[in-house]
Amino acid sequence: MRLKKSALPTWFKTTAGLTLGIIGFIIPLLVTFPGLSFAGHLALGIFLMAAVFWMLEPIPIYSTSMLVIFLQIVLLSTQGPLFSESTLPETTPRSAGDQLWELPTTAIDGNTIYIKQSATNSEALEVEVIREGETVFVRSEVIDSNTAIVANSRHKLVGYQPVSYTQFIGTLANPIIILFLGGFMLAAGAVKYNLDKNLTNVLLKPFGTKPMFIVLGLMIVTAVLSAFMSNTATTAMMMTVAIPIAMQVSKEDKFRIMLCLSIPIAANIGGIATPIGTPPNAIVISALNQQGIGIAFGTWMALAVPLVIILLLLAWGVMRVLYPPTATSFKLQLESKFDKSLPAILLYFIFGLTVLLWVTEAQHGIPSGMVAFLPIAGLTVTSVLAKEDIRSLPWEVLWLVAGGIALGISMENTGLAIWLVSNINWEMFPQLLLLLVFGFVALMLSNFLSNTVTATLLIPLAVSMGMSGIAGEGFSLIITSLVIGISCNIAMLLPISTPPNAIAMSTGYIKTPDMVRVGLIIGLIGLVFIIIFSTVYWPLIIN
Numbered sequence: 010m011r012l013k014k015s016a017l018p019t020w021f022k023t024t025a026g027l028t029l030g031i032i033g034f035i036i037p038l039l040v041t042f043p044g045l046s047f048a049g050h051l052a053l054g055i056f057l058m059a060a061v062f063w064m065l066e067p068i069p070i071y072s073t074s075m076l077v078i079f080l081q082i083v084l085l086s087t088q089g090p091l092f093s094e095s096t097l098p099e100t101t102p103r104s105a106g107d108q109l110w111e112l113p114t115t116a117i118d119g120n121t122i123y124i125k126q127s128a129t130n131s132e133a134l135e136v137e138v139i140r141e142g143e144t145v146f147v148r149s150e151v152i153d154s155n156t157a158i159v160a161n162s163r164h165k166l167v168g169y170q171p172v173s174y175t176q177f178i179g180t181l182a183n184p185i186i187i188l189f190l191g192g193f194m195l196a197a198g199a200v201k202y203n204l205d206k207n208l209t210n211v212l213l214k215p216f217g218t219k220p221m222f223i224v225l226g227l228m229i230v231t232a233v234l235s236a237f238m239s240n241t242a243t244t245a246m247m248m249t250v251a252i253p254i255a256m257q258v259s260k261e262d263k264f265r266i267m268l269c270l271s272i273p274i275a276a277n278i279g280g281i282a283t284p285i286g287t288p289p290n291a292i293v294i295s296a297l298n299q300q301g302i303g304i305a306f307g308t309w310m311a312l313a314v315p316l317v318i319i320l321l322l323l324a325w326g327v328m329r330v331l332y333p334p335t336a337t338s339f340k341l342q343l344e345s346k347f348d349k350s351l352p353a354i355l356l357y358f359i360f361g362l363t364v365l366l367w368v369t370e371a372q373h374g375i376p377s378g379m380v381a382f383l384p385i386a387g388l389t390v391t392s393v394l395a396k397e398d399i400r401s402l403p404w405e406v407l408w409l410v411a412g413g414i415a416l417g418i419s420m421e422n423t424g425l426a427i428w429l430v431s432n433i434n435w436e437m438f439p440q441l442l443l444l445l446v447f448g449f450v451a452l453m454l455s456n457f458l459s460n461t462v463t464a465t466l467l468i469p470l471a472v473s474m475g476m477s478g479i480a481g482e483g484f485s486l487i488i489t490s491l492v493i494g495i496s497c498n499i500a501m502l503l504p505i506s507t508p509p510n511a512i513a514m515s516t517g518y519i520k521t522p523d524m525v526r527v528g529l530i531i532g533l534i535g536l537v538f539i540i541i542f543s544t545v546y547w548p549l550i551i552n
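Numbering-wise, the numbering used here puts 56 at position 47 of the sequence shown, and it's gapless, one number per residue.
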């Protein structure tokens, strides 16, 4: 999760954010947007409010997710006051001959009528409207005397099938949430029993004494840990290894800058490698799951790991050119002593078995969400993690992701997502350009917003395009979602772009221009490689 800092006074940011968010919520309630259902207007208000709150953070971003779920329960569920007891009013068309049918004027919305499909749902139908004074006729071949027409085309149930409040609350038990919870518990156990530090010491030893290879080793270890742990926690831990090294290097040596930049960059890139590495990955998988498209843990790694390796080497090469070290050798003082207590041994076993089952999901068929219950249950039943450890888990991240999932549900059910993308002529964009646009927008927004927020805002649009066919026959929902999610993760331009960047900045060894220079190069070149993978490599695995 990314926590943002702002140069604006807190009171100004809070006031402006609350004001703009409330205005965003109210506007769709006061203004009628053609083609958008009543429920879609409500969902649009929630969407605009959430977007502003997530961007400006007048309240914590996880609180915004809680508010989103609350508003959906109250305003959009069948148990809420608006849709608790309501049915569509219907009328029977009266034949006027020659495929003409007389209808009440309230049943006409422009050139559209709504055919009643069930007690609470309808389907729009484009028709030819003929007006003769106060009488309205429609011409259609598909209408007959048995067709039920919605008598009021502006009724609140037109274009919306209300869902139970459990649909929104249930996002907290979504398999993606459970997957993340399992990852959090493994990370907590690794920190508690120093498994992370011991693995770091072991993995760094083969990289010798040359500064350039020490940095490469640090980046590889950081990326590996970040694939299964929080990027922020990994960076904080790895900085405890990097800072003592930096302190032994002269102030004039650029090796200091390279060393401190390498950790956050590797953490951000490493999070791409697995579904649990970073929240945007979870948002991608969740959005695809809702469309009946599953990506196994191992399949995700097959898609992402080659790209991660290339991006790591790219970042290492860029820093090697920009910040060549003066020192020719440096001796690391590393010692590793693995905890041999029974709880630690149980942790090692559960950790290894869980990762093995995740990676081989395609072979055994057990969903990664089910596998995640192995550490959830195993680490608590065996008392490897105590209740204090459970309380300290980053529960706010789970709320944040759940709010994003819930928002996606309402955007799809109310027709809001389709309405948003239908107002843009996507057919004018070639598929390659469309991917580039999505990737670039995700990259740029994530430098200033939370990558989770950016993914939450953009991926539902991609889903709507894919399901509605607006983007054309060559559009791939899976590939487009991957481009968006991974592009969000390579945004590392500023100290505020990611918590790992902020942690690195706090060391005092690097300055903002250093971060901007490296982040811009890696971001833009990284986007090029993402597009290359999306057109050359990913289709081979997905198809």
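Idealized CB from N, CA, C, for every residue including glycine. Bear in mind the structure is a predicted one, so any value in this text is a computation, not a measurement.
Q257 and R265 have their alpha carbons spaced roughly 9 Å apart. For T544, there is no enclosing beta strand (DSSP E), as DSSP marks it with neither H nor E.
In this structure, DSSP gives I281 a state outside helix and strand, which the three-state scheme calls coil. Collapsing the DSSP output to three states places I158 in a strand. Rounded to whole angstroms, the separation of the alpha carbons of D348 and L204 is 8 Å. In the structure shown, K396 adopts helical secondary structure according to DSSP, grouped into three states. In this chain, N456 is not harboured by any beta strand (DSSP E), its DSSP state being neither H nor E. Taking C-alpha positions only, I540 is separated from S93 by approximately 47 Å. Secondary structure note for Q126: it is in no alpha helix (DSSP H), and the uninterrupted beta strand (DSSP E) holding it is T121 to S127.
In this model, L402 and E137 are separated by some 59 Å (Cα to Cα).
If you look at T73, you'll find it in the alpha helix (DSSP H) that goes I70 to L85. As summarised for the region 379 to 423, there are no continuous beta strand (DSSP E) elements at least 3 residues long confined to that stretch. For Q81, the CB contacts under 7 Å within the same chain, skipping 5 residues up- and downstream, are I55, F177, A415 and S419 in chain order.
With contacts defined by Cβ atoms closer than 7 Å, A116 and A59 do not form a contacting pair.
Taking a contact to require three or more Cβ pairs closer than 8 Å, the region 66 to 79 and the region 87 to 103 do not qualify as touching. Under a 10 Å Cβ-count criterion, T28 is classified as exposed, with fewer than 16 other Cβ atoms of the shown protein chains found around its own Cβ. Cα atoms of I278 and N498: separation of roughly 7 Å, rounded to the nearest angstrom.
Apart from sequence neighbours up to five positions away, the residues of its chain that approach G532 with a beta-carbon distance below 8 Å are L452, N456, I499, A500, M501 and L502, ordered along the chain. The residue among A395, A411 and S485 with its C-alpha nearest the C-alpha of P439 is S485.
Between the alpha carbons of L190 and I495 lies a gap of roughly 21 Å. Taking the Cβ atoms as the reference, V167 lies roughly 58 Å from Y202, outside the contact range of under 8 Å. Secondary structure of D118 (DSSP, three-state): strand.
In the three-state reduction of the DSSP assignment, V462 falls in the helix class.
Restricted to the region 19 to 56, not a single beta strand (DSSP E) segment is unbroken, complete and at least 3 residues in length. A residue is called buried once 16 or more other Cβ atoms fall within 10 Å of its Cβ, and P273 is buried on that count. Scanning its chain for C-beta atoms nearer than 6 Å, with the 5 sequence neighbours on each side dropped, one finds around H50 the residues P37, in chain order.
Annotated as proximal: I285 and L188, with beta-carbon spacing under 7 Å.
When the beta-carbon positions are compared, I304 and I185 stay at least 7 Å from each other. Counting every other CB atom within 10 Å of its CB across the protein chains shown gives K346 a total below 16, marking it as exposed. Within the same chain, Cβ atoms closer than 8 Å to the Cβ of G280 are found at S235, A236, N240, G286, T287, N290 and N498, the five residues on either side in sequence being excluded.
The Cβ atoms of K22 and L57 do not sit closer than 7 Å to each other.
Sorting N130, E141 and P171 by C-alpha distance to the C-alpha of I158 places N130 at the top. L409 is not a Cβ neighbour of T335, given a cutoff of 7 Å. Within a 10 Å sphere around the beta-carbon of L316 sit 16 or more other beta-carbons, which makes this residue buried.
Checking the DSSP bridge columns, you'll see I139 partnered with F146.
Shown here, G106 sits in a strand according to DSSP, grouped into three states.
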